[in-house]
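In my numbering, the protein residues as written are 7 to 287. Heads up, the beta-carbon is just placed ideally off N, CA and C, and yes, glycines get one too. Treat the numbers as computed from the prediction; the structure is a model and nothing was measured.
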Ligand SMILES: C[S@@+](CC[C@H](N)C(=O)[O-])C[C@H]1O[C@@H](n2cnc3c(N)ncnc32)[C@H](O)[C@@H]1O
């Protein structure tokens with residue numbers, strides 16, 4: 007069987023199983039199997055695959071047909087300008103979260119050395135992207151999931167940032183430390199009642215710990231805001247990602263905890279996505 011034939015089998019099977027990007031994903035799966043770029047595959051359509059390749063291709067295809075996200079099958083995802091290893095212990099980095107990076111970069115001057123805390127670091131995508139852009143800063147990355155911390159550490163090593171980030175496996179509720187200039191967080195904020203309504207890719211494969219914000223979707227946002235009050239220096243900034251539904255409650259809680267609201271930032275689909283606020287009292 008040649009590349010073109012196996013790609014056609016892949017596309018057909020993905021298509022009849024309602025996978026939207028069936029052609030692209032078939033190509034990506036073959037590129038993973040052959041360890042070649044998509045371009046190399048597309049210009050060598052007549053090359054042959056061996057039995058081992060076919061077996062591997064079928065295994066990945068079945069995983070995708072069971073709605074496992076492509077990022078977990080491929081083992082990586084791009085976020086901001088960088089590549090991050092992912093597995094099913096971490097949330098797949100979302101483009102929406104890039105607004106957190108954009109807002110952070112506006113605050114952090116290139117030559118200044120600031121102390122940053124990333125609460126719920128997951129793959130480490132936020133803190134690693136930021137430190138790649140602002141090499142004079144140092145950071146702490148905290149997550150309740152031991153497996154997430156392992157992936158985040160691996161990503162930090164791949165980006166040669168392991169000496170600039172301290173990793174802590176802990177519930178944010180239990181964390182105390184010296185004060186930070188900037189706290190960033192993309193906490194879980196899906197209401198429990200909505201967990202079942204998520205797409206199968208997310209519902210059955212991404213970690214619940216990274217998604218569930220309790221009954222009202224607000225339990226982890228609340229922890230982050232209350233803790234940030236203690237962990238930030240005066241005039242320090244908290245940039246927190248929120249769901250559309252948590253904006254008003256978050257603003258009220260931030261104000262009650264001595265924060266000034268600098269900005270509510272929309273994502274590129276026009277949804278309120280993060281709040282930038284300064285600790286003033
Ligand atoms: C929505 S994911 C965000 C992951 C990553 N920062 C990103 O933006 O892709 C939330 C992360 O918070 C972690 N988490 C959930 N509850 C936590 C808690 N109480 N304390 C610390 N981390 C927590 C989860 O394990 C998960 O990795």
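Original post:
Is the segment 198-210 touching the segment 167-177 in the sense that three or more CB pairs, one from each, lie closer than 8 Å?
Top reply: Too few Cβ pairs lie closer than 8 Å, so no.
Original post:
Just to confirm, are residue 278 and residue 261 a CB contact at a threshold of 8 Å?
Top reply: Not a contact, by the Cβ cut-off of 8 Å.
Original post:
DSSP three-state call for residue 175: helix, strand or coil?
Top reply: Residue 175: strand per DSSP, three-state reduction.
Original post:
Comparing the CB of residue 177 with every heavy atom of ligand 1, is any distance shorter than 7 Å?
Top reply: Residue 177: yes, Cβ under 7 Å from ligand 1.
Original post:
In terms of residue numbering, what span does the alpha helix (DSSP H) encompassing residue 28 cover?
Top reply: Per DSSP, residue 28 belongs to the alpha helix (DSSP H) from 28-40.
Subject >> Cβ neighbours of residue 23 in the same chain (closer than 6 Å, five flanking residues each side left out) >> reply: Taking residue 23 as the centre and dropping the five residues before and after it, the same chain places the C-beta of 71 closer than 6 Å to its C-beta, in chain order.
Original post:
For the segment 75-120, which segments carrying the alpha helix (DSSP H) assignment without a break, of at least 4 residues, lie completely within its bounds, in sequence order?
Top reply: As far as the segment 75-120 is concerned, its whole alpha helix (DSSP H) runs of at least 4 residues are 76-80 and 104-113.
Original post:
How would you call residue 276, buried or exposed, if buried means at least 16 neighbouring beta carbons within 10 angstroms?
Top reply: Around the beta carbon of residue 276, fewer than 16 other beta carbons sit within 10 angstroms, so the residue counts as exposed.
Original post:
By DSSP, does residue 134 sit in helix, in strand, or in coil?
Top reply: The three-state reading of DSSP puts residue 134 in helix, counting H, G and I together.
Subject >> Short Cβ contact (8 Å threshold) for residue 117 with residue 142 >> reply: With respect to residue 142, residue 117 sits close: the two C-beta atoms are nearer than 8 Å.
Original post:
How would you label residue 221, buried or exposed, when you count the other beta carbons within 10 angstroms and need 16 or more for buried?
Top reply: Exposed, by the Cβ-count rule.
**OP:** May I have the straight-line CA-CA distance separating residue 109 from residue 280, to the nearest angstrom?
**Re:** Going from the Cα of residue 109 to the Cα of residue 280 covers about 9 Å.
Original post:
What does residue 146 pair with, by DSSP beta-bridge criteria?
Top reply: Beta-bridge pairing links residue 146 to 123 and 172.
Subject >> Rounded distance between the beta-carbons of residue 192 and residue 132, thought under 8 Å >> reply: Residue 132 to residue 192, Cβ: 7 Å. Contact.
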